[in-house]
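Same order as they appear, the protein sequences are chains A and B.
With my numbering applied, the first sequence closes on residue 92, and no number is skipped along the way.
With my numbering applied, the second sequence closes on residue 1129, and no number is skipped along the way.
Yeah, the Cβ is synthetic: ideal placement off N, Cα and C, and Gly gets one too.
Written out below as structure tokens is the structure these notes cover.
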Amino acid sequence: MDVYQALADSTRRLLLDELSQRDEQTLFELCSRLAVHHAVTSTRQAVSQHLAALESVGLVRSERRGRHKFHSIDTTPLAAITDRWPLPEDVR
Amino acid sequence: MRLQTVSIFVDDQQRAVDFYTGPLGFTVAADVPLGEHRWLTVVDPQKPDGTQLCLEPKAHPAVPPFTSALAADGIPYLVLGVDDVAAEHERLQAAGVVFTQPPLEMGPVITAVLDDTVGNLVQLAQFTG
Chain A
1 MDVYQALADS TRRLLLDELS QRDEQTLFEL CSRLAVHHAV TSTRQAVSQH LAALESVGLV
61 RSERRGRHKF HSIDTTPLAA ITDRWPLPED VR
Chain B
1001 MRLQTVSIFV DDQQRAVDFY TGPLGFTVAA DVPLGEHRWL TVVDPQKPDG TQLCLEPKAH
1061 PAVPPFTSAL AADGIPYLVL GVDDVAAEHE RLQAAGVVFT QPPLEMGPVI TAVLDDTVGN
1121 LVQLAQFTG
């Protein structure tokens, strides 16, 4: 999978949206946010697989702290997009 | 028929009772020695005849993998109703309690999730709707 495939799925984009609201979320919090904020009620297993896909391309990092696992967004891989198709000078 | 007792599995019964009667503010309802373990329950001090929470040892081999998988994914095993999640979050954090999820508005409920120090996550819930 590459960054384009990772971003091609709407649930994965919503996961990145929610992680950009608040970093270091558990799977439980992310599933709750998808359900309440976006009416997306995928199973925890499905959400876990989406997170693994995002992690495989470096858009999400997960960290185990004690007994719990927390997920964070890392937008660094998105640079591949603007490196490939640079933004005009007057944008950003 | 009434809901008499519900159980949660704990790593250590003494540490569990210390946490549930300490920062969480429950009182001991029953503490009966049973060989290696205890029949140990706590109850809401405002409702001494209410549902008891049994602090059950993790004696069965199926339990540790079950509870640790839930904890890893941040899934609470118990929900406690509170009047003000934000105030409880502040109070408990000041007392050293670790939260895996700070207060979050979820439609008609505000929730937060804390670590009970003996292997479980506990959700605080304030119903606003």
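(message) Considering only DSSP beta bridges, list what C1054 of chain B is partnered with.
(response) B:S1007, B:T1041
(request) Identify, in the order they occur along the chain, each residue of the same chain with its Cβ nearer than 8 Å to the Cβ of M1 of chain A, setting aside the five sequence neighbours on each side. (result) A53, S56, V57
(message) Whole angstroms are fine: how far does the CA of V1085 of chain B sit from the CA of A79 of chain A?
(response) 39 Å
(request) Kindly indicate which three-state DSSP category I1075 of chain B falls into: helix, strand or coil? (result) coil
(request) Please confirm if the segment 1088–1102 of chain B is in contact with the segment 1001–1013 of chain B, defined as three or more CB-CB distances below 8 Å between the two stretches. (result) no
(request) Using a Cβ cut-off of 8 Å (strictly closer), state whether Q1101 of chain B contacts chain A. (result) yes
(message) What does the alpha-carbon distance come out to for the pair E63 of chain A and R1002 of chain B?
(response) 42 Å
(request) Please state whether DSSP places V1032 of chain B in a helix, a strand or coil. (result) strand
(request) Give the straight-line distance between the Cα atoms of D9 of chain A and V47 of chain A, rounded to the nearest whole angstrom. (result) 12 Å
(message) If the cut-off is 7 Å on Cβ atoms, which residues from the segment 49–69 of chain A count as contacting chain B, listed in chain order?
(response) R67, H68, K69
(request) Go ahead and pull the three-state DSSP assignment for D1115 of chain B. (result) strand
(request) Verify whether the separation of the beta carbon atoms of G1074 of chain B and L27 of chain A is less than 8 Å. (result) yes
(request) Find out if the Cβ-Cβ distance for the pair E18 of chain A, L7 of chain A is shorter than 8 Å. (result) no
(request) Tell me whether Y4 of chain A is buried or exposed, calling it buried when 16 or more other Cβ atoms sit within 10 Å of its Cβ. (result) exposed
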